[in-house]
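Engineer: The sequence shown begins at 156 in my numbering and counts up by one. Virtual Cβ for every residue (Gly too), placed ideally from N, Cα, C.
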Amino acid sequence: MVRYAVREDYDCVESIMKQVQAIHVNWRPDIYKNTDVVLREEEFYELVENSMAVVAVDHETVVGVMLLLCRYVQSNTQVKRKILFIDSMAVDKNYRAQGIGHQFFDFAKKIVKQDDYDGLELQVNAKNIAAMEMYKHYGFTEKSINRLIV
156 MVRYAVREDY DCVESIMKQV QAIHVNWRPD IYKNTDVVLR EEEFYELVEN
206 SMAVVAVDHE TVVGVMLLLC RYVQSNTQVK RKILFIDSMA VDKNYRAQGI
256 GHQFFDFAKK IVKQDDYDGL ELQVNAKNIA AMEMYKHYGF TEKSINRLIV
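Written out as structure tokens, the structure is:
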């Protein structure tokens, strides 16, 4: 089951975020670092208050988290858009490849429709092949590619 997060979900969410942070540190140590706290409580509570934190639950245990942002695009060179951006999506290592990501996408698509967003966007690490396959399978299309010289 997927639902909006509540403040009491913090400890489980932080535990899952630490799992994903470890993967990010391994893939991109030039950007990510080990840290005792990945998602500060105050930041999580603000996301909860703004209905921008979503969790997946299995028998009352939080097993996944999706953190959202509202992005407004408006300039003299771009079409005005209101985008729901998936800032983070993480699933506990014991629950991966069980359809939770698709449940998160379904939930996010409902938010897009209900709150009149113009689209749903995300970014993915180039080394995260499994996630890219899932996104493609769900219908996401590649629109931008970032390049880096180190």
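Using C-beta distances below 6 Å, list every residue in its chain close to residue 274, excluding the 5 sequence neighbours before and after it, in chain order.
Structural biologist: 238.
Engineer: Helix, strand or coil for residue 272, going by three-state DSSP, please let me know.
Structural biologist: Coil, per DSSP.
Engineer: Count the other C-beta atoms from every protein chain shown that fall within 10 angstroms of the C-beta of residue 176, then say buried if there are 16 or more, exposed otherwise.
Structural biologist: Flag for residue 176 reads buried.
Engineer: In whole angstroms, what is the alpha-carbon distance linking residue 242 and residue 223?
Structural biologist: If I take the Cα positions, the gap works out to 5 Å.
Engineer: Can you name the start and end residues of the beta strand (DSSP E) that residue 221 belongs to?
Structural biologist: Counting along the chain, the beta strand (DSSP E) containing residue 221 begins and ends at 216-230.
Engineer: Looking at the unbroken beta strand (DSSP E) that takes in residue 308, where does it start and where does it end?
Structural biologist: A query on residue 308 cannot be resolved here, the shown segment of the chain reaching from 156 to 305 and no further.
Engineer: For residue 272, count neighbouring C-beta atoms within 10 Å of its own C-beta (all shown protein chains included) and say buried if the count is 16 or more, exposed if not.
Structural biologist: Per the 10 Å Cβ criterion, buried.
Engineer: Pick helix, strand or coil for residue 244, following the three-state DSSP scheme.
Structural biologist: Residue 244: strand per DSSP, three-state reduction.
Engineer: Roughly how many whole angstroms lie between the Cα atoms of residue 293 and residue 162?
Structural biologist: Using only the alpha carbons, I get a separation of about 30 Å.
Engineer: Along the chain, where does the beta strand (DSSP E) containing residue 211 start, and where does it finish?
Structural biologist: Residues 208-213.
Engineer: Taking only the alpha-carbon atoms, compute the straight-line gap between residue 229 and residue 207 and give it to the nearest angstrom.
Structural biologist: Between residue 229 and residue 207, the C-alpha separation is close to 21 Å.
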